[in-house]
Structures are given as structure tokens and as C-alpha cells.
Amino acid sequence: MIEVNNLHKAFGEQEVLKGISAKFYKGKTNLIIGQSGSGKTVFLKSLVGLHEIDKGEIYYDDRRLAEMDRDAKTALRTEMGMVFQGNALFDSLTIEENITFSLGMFSKMSTSEKRDRANFCLNRVELENVNNKFPAELSGGMQKRVALARAIVMNPKYLFCDEPNSGLDPKTAIVIDQLIQELTKEYNMTTIINTHDMNSVMEIGDQVIYIKFGKLAWQGSSEEILTTDNEDINDFVYSSELFKKIKKKL
Amino acid sequence: MNKGIRAAGQYFLLLARTFKRPENWREYWKALMRDFDLLGLSSVWIVSVISIFVGAIVTIQTALNLDDSFIPDYYVAIAARESIILEFSPTMVSLILAGKVGSNIASTLGSMRVSEQIDALEVMGVNPASYLILPKIVATVVFNPILIAISMFLGLLGGFLAAGYLSDIAPADFIQGLQLEFNSFYVWYALIKTVVFAFIITTVSAYYGYYVTGGSIGVGINATKAVVSSSVAIIVANYILTQVLLG
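Taken in sequence, the protein lines are chains G and R. Just so it is clear: in the first sequence, position 132 is 132 by this note's numbering, and no numbers are missing. To convert, take the position in the second sequence, counting from 1, and add 1000; that gives this note's numbering.
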């Protein structure tokens, strides 16, 4: 479980996160939604330690992030996997090298063991015959799958995904969503996903958190999101004509 | 002023992060081999071509300036030798490398920064500053002196060829000039300068690449800043080292 208490983060004069508190549970896909510029990415990057927070506490299964020394943080990070918005695959490495990179850094696996693990992960995200290709040779959807394979290669306890559907067609987006959900259940991971895609919310959102102007404005399940009276979340969800029609039918 | 102090502080903090214990020596070794190829071996041809021609040009110009029946021909070789060993090879070639290697380092790291590859390394638990910059520093500090030694040899060879074919200086006179009053410390002085310049090129360029902001335009701007700043730093360091080692 990941627990966040009273998280604050500012860049200069601009306060981006204004005291967010939340709990993210194991084996669940926790979705963070909000408009562009609401602070979702800063929140996610603060959780993984890419941004130093100004105030507040972050706990990883009772381990407080701020109290960890360098070695403890490194150990924690080997328990994390992250899928970045733009995939962040290493351009100069092949797909197999990308996936086995952290195994090379932090495990004592032999080359053949690493290859087997890479093949297992590629198979898990339904990709084959791409081991020796470079990221630039793959489509956006395939790159996203590789990023997911790289994120799960170390059997992470915590999976973070920043806009995993951005730039993907609706069909591929659903496939990626379902893959993330399956992997979350399979490995019993605590998964946190940043998105503003309402299809993802309805498809895989076990817990949904809505952030508005750096504050937690609403929290609930994907079923509750359609029936809640909360004005903030309704403004966000029913800004789309499709969801307005769904709301009328409900 | 404040901006300059902040940048200097950020530069030294980056150096402190760079010189941390590697997570895995074998992976760093692989990165070092890649950087030897990318930053060292790939520069051999440009250094060679430039050195041969500049060596020839320096010799021809020196011969023109010393064209006097009271000045022995071997003086041309002495002057060309000192110019090439003391200044052209270590300083001018380092300035050329600041353009080639420096822009490569800044743009590579900058692209990695804007495409979140550096963040990805950090999330994996890898120290990105150390993994990305340390092998580059080692590669250039080790390989640039080899490049400069090649440059010295080819510069003098270019001078020898130009002297013989274009300036009517007898080969024996030129070789006599190359050997006469040769001070071997000058070679050490050149190599010491090269090591310092290699460190400057790599760390200054890495600093500009590592802290890129503003997307692909930012990468271009910082790559240019990296070349300009490392070139200026090389010239300033050249003056200080010359004062310290030869003054």
C-alpha cells in the first residue's frame, strides 16, 4: 500500500500540490484523473521521488520515503516500475537491452537468464520477434507494451503509469488498460495510473481520485463516478457529450 | 550574477553526484566502451585530417616568415614543432573536440532529459548522473591525450611533407630542427593541458545537457551553450596552466 499525507509541492511561487492525502491499495488499479495542469504528473513524480516534496509524508508499506538513505531508496526503486507518458525507452539500446537493463544493474542473472526473463515479459505483453529491434522501429502501441514489459521485469510491488494511453487509438488504449489491470491482479501490485481518459476510468478504475487545482476534490469507485452529486467531478466527467447522454439514461 | 552563482553551484552538485560509487561496475564498463567508440575513436579521422593540414600550413607560413639567408632552414622546423606541440595540438584540437564531442554529449543528454529517459533511470534506482556522465569523463580523459599524441605526430608529419615539397627545405634540415633543443617537458605540458581540457569539455557539456528545459528547442540552445562555454573555459584554463607550468 502507498499512503500519502498532506502532500505539498511548489515550483517557485506556483503551488502545484496543495495538501493531498490519499491511500492506494495493493492489487487495485488506482486512477488519478484531472484536467491538464491540475497537478497529476507532479503528484506521480513526487510519489516516485523524482520531485522533492516541500511538505507532507509518503509511506511505502510503512516505510517513510523521507527517512530513507540512498541505499534504502535504491532498494525501494527496484520494487517500482514506471511507464512514462512518452515511454522513455532508451533509444540507443535494443528492445531486449531496454527490458533487461535493470536486471543487468541489480541482479546477478546470467545473459541467458536475462534473455529468458525478457522473452517472458515480452510474451506477457503479447509481443514477439522484437528483441533485436530499436525503439524507433516500433509503433506507438508496441513501444507502450515494451515500456510495460520493462516496468514489470523486476517483479515490482508498485507500478506507476503516466498517461499510458496518450497517443494511442481507442482499441490499442483498451488493450493497454486491460494489460495493466491483469498485471496488477496477477502480481498483486499497487498500481497508480494518471489519466484523463474516461474510457480507462470506466474500464479499469478500482479506485478513482480526482485532483483539481492541486487538491483532492473527489474520491470513489468507477461506479460511483457516474452517480455522485459532487459538482467538481460532474463538471469534469460530463464535459463530454457521450457521458452527458449516459447520465440522462441513468 | 545570482544566476551565475546558482549555475556554478548546480555544476558542482552534478559533479558530486557523478563521482558516486557505481551500482554495477560491469554495466559502467559497457557504457565506457560505448563512449570510447562514440567520443574517442570516432574523432580520430577529423583530428588526423586537421592535424596534417594545419602542420603543413604552420610550416609553410613559418618558412615564409623566416625566409632569410642568415636564418638556417632548421629553424623552421623548431618553430613549427613548438607551435604544434605547445599550442595547436593540445589547445586547438581540444577546441575542435569541444565542438564535436561537446555538442554530442549535450544533445544526447538533453534529448534523454526531454524524453524522460533520465527520469526512467532514476526510477529504476540508477544514479543517472553517474551512469551517463562518469564513463564519458573517463573516456575523454583517457582517449583525448591519445588523440593529441596522434595530432602532434601527424602535425609534424604534415610539416615535414610541406617543408620538403612546398618550401624547398631539405628533409635532413627539417629533421635536425625537430630534434634540436627538444624539451620533452613540453609534451608533458601539452598532455596535462589535454587532460584538463577533456574534463572541462565533458563536464561542462554534460551540465548543459543534463539540465535542459524547454523541449527540443532547449536541447539546441543548450548544445550551443555547451560548446561556447567549454571553449571559453578551455582558453581561460589554457592561460592559467601555461602560467603555472611554464611561467
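The beta-carbon is built from N, C-alpha and C at its ideal position, and this holds for glycine as well. In this text the structure is predicted, and so the values were computed from the model without any measurement.
Practice problem: Apply the 10 Å Cβ neighbour rule to M1001(R) and answer buried if 16 or more other Cβ atoms are within range, or exposed otherwise. | Solution: For M1001(R), the number of other beta carbons within 10 angstroms of its own is below 16, and it is reported as exposed.
Quiz item: Is the CB of M1124(R) under 8 Å away from at least one CB in chain G?
Solution: So yes, M1124(R) belongs to the interface.
Exercise. Measure the C-alpha to C-alpha separation of S38(G) and N194(G) and round it to an integer number of angstroms.
Key: If you take the alpha carbons of S38(G) and N194(G), they lie about 11 Å apart.
Quiz item: If you draw a straight line from the alpha carbon of E97(G) to that of M1033(R), how long is it in whole angstroms?
Solution: Cα-Cα distance, rounded: 16 Å.
Self-check item: Proximal chain R residues relative to L50(G), where beta-carbon distance stays under 8 Å
Solution: Ordered by position in chain R, the residues that pass the 8 Å Cβ test against L50(G) are D1119, E1122, V1123.
Exercise. Classify W1029(R) as buried or exposed, calling it buried when 16 or more other Cβ atoms lie within 10 Å of its own Cβ.
Key: So W1029(R) counts as exposed.
Self-check item: Coil, strand or helix - A151(G) by DSSP
Solution: A151(G): helix per DSSP, three-state reduction.
Quiz item: Residues of chain G with CB under 7 Å from S1115(R), in chain order?
Solution: Below the 7 Å Cβ cutoff, chain G contributes G86, A88 as neighbours of S1115(R), in chain order.
Quiz item: Using a C-beta to C-beta distance shorter than 9 Å, which residues of chain R count as neighbours of M82(G)?
Solution: For M82(G), the chain R residues whose C-beta falls within less than 9 Å of its own C-beta are D1119, A1120, V1123, M1124, listed in chain order.
Exercise. Pick out whichever of G1055(R), R1021(R), A1031(R), E1027(R) has its Cα sitting closest to the Cα of S1151(R).
Key: Considering only alpha carbons, the answer is G1055(R).
Practice problem: Rounded to whole angstroms, what's the CA-CA distance from A1172(R) to A1077(R)? Just pull it up for me. | Solution: Cα to Cα, the separation comes out at about 11 Å.
Quiz prompt | Residues of the stretch 96-111 of chain G whose Cβ lies closer than 9 Å to any Cβ of chain R, in chain order | solution = Only those residues of the stretch 96-111 of chain G whose C-beta falls short of 9 Å from the nearest C-beta of chain R are listed: F101, S102, G104, M105, F106.
Quiz item: Are I1060(R) and A1170(R) closer than 8 Å when you measure CB to CB?
Solution: Cβ distance not < 8 Å, so I1060(R) and A1170(R) don't count as in contact.
Quiz item: Should E1082(R) be flagged as near chain G, meaning a C-beta pair shorter than 8 Å?
Solution: By this cut-off, E1082(R) is not an interface position.
Quiz prompt | Nearest-angstrom beta carbon gap, N165(G) and S200(G) [assumed within contact, 8 Å] | solution = Between S200(G) and N165(G), the beta carbon gap of about 6 Å places them in contact (Cβ cut-off 8 Å).
Quiz item: Using DSSP with H/G/I as helix, E/B as strand and the rest coil, what is T195(G)?
Solution: Assigned with DSSP and collapsed to three states, T195(G) falls in strand.
Exercise. With D1173(R) as the anchor, note down where its alpha helix (DSSP H) starts and where it stops.
Key: Counting along the chain, the alpha helix (DSSP H) containing D1173(R) begins and ends at 1171-1179.
Exercise. Indicate whether V125(G) and L89(G) have their beta-carbon atoms separated by less than 8 Å.
Key: Result no, Cβ atoms of V125(G) and L89(G) do not sit closer than 8 Å.
Quiz item: Taking the C-alpha atoms as reference points, what is the distance between R1223(R) and D197(G)?
Solution: Sequence inspection shows Ala at residue 1223(R); the Arg mentioned does not correspond to that position. If I take the Cα positions, the gap works out to 36 Å.
Practice problem: Determine the burial state of R64(G): buried for a count of at least 16 other Cβ atoms within 10 Å of its Cβ, exposed for fewer. | Solution: Residue environment: R64(G) is assigned as exposed (fewer than 16 neighbouring CB atoms within 10 Å of its CB, all protein chains considered).
Quiz item: Is the distance from the Cβ of G1177(R) to the Cβ of Y1075(R) below 8 Å?
Solution: Taking 8 Å as the cut-off, the Cβ atoms of G1177(R) and Y1075(R) count as close.
Self-check item: Reference Q181(G), options G205(G), K171(G), D162(G), closest by Cα
Solution: Cα-wise, what sits closest to Q181(G) is G205(G).
Quiz item: In chain order, which beta strand (DSSP E) runs of at least 3 residues are fully inside the stretch 70-158 of chain G?
Solution: Here the runs fully enclosed are 80-83.
Quiz item: Does DSSP put E163(G) in a helix, a strand or coil?
Solution: The DSSP-derived three-state label of E163(G) is coil.
Quiz prompt | Where D1035(R) falls, given that 16 or more other Cβ within 10 Å makes a residue buried | solution = The residue is buried, with at least 16 neighbouring Cβ atoms inside 10 Å.
Quiz item: Are at least three pairs of beta-carbons, each pair with one atom in the stretch 154-165 of chain G and one in the stretch 124-141 of chain G, less than 8 Å apart?
Solution: No, the stretch 154-165 of chain G is not in contact with the stretch 124-141 of chain G.
Practice problem: Examine chain R for any beta-carbon lying closer than 8 Å to the beta-carbon of T78(G), and answer yes or no. | Solution: Yes, because at least one Cβ of chain R sits closer than 8 Å to the Cβ of T78(G).
Exercise. Taking F1019(R) as part of the alpha helix (DSSP H), name the residues at either end of that continuous run.
Key: Taken as a continuous stretch (DSSP letters only), F1019(R) belongs to no alpha helix (DSSP H), as it is neither H nor E.
Quiz item: Cβ of T74(G) less than 8 Å from any chain R Cβ?
Solution: Yes - at least one Cβ of chain R is within 8 Å of the one on T74(G).
Self-check item: Sheet register partners of Y210(G) (DSSP bridge)
Solution: Within the DSSP bridge table, the entry for Y210(G) names I33(G), W218(G) as partners.
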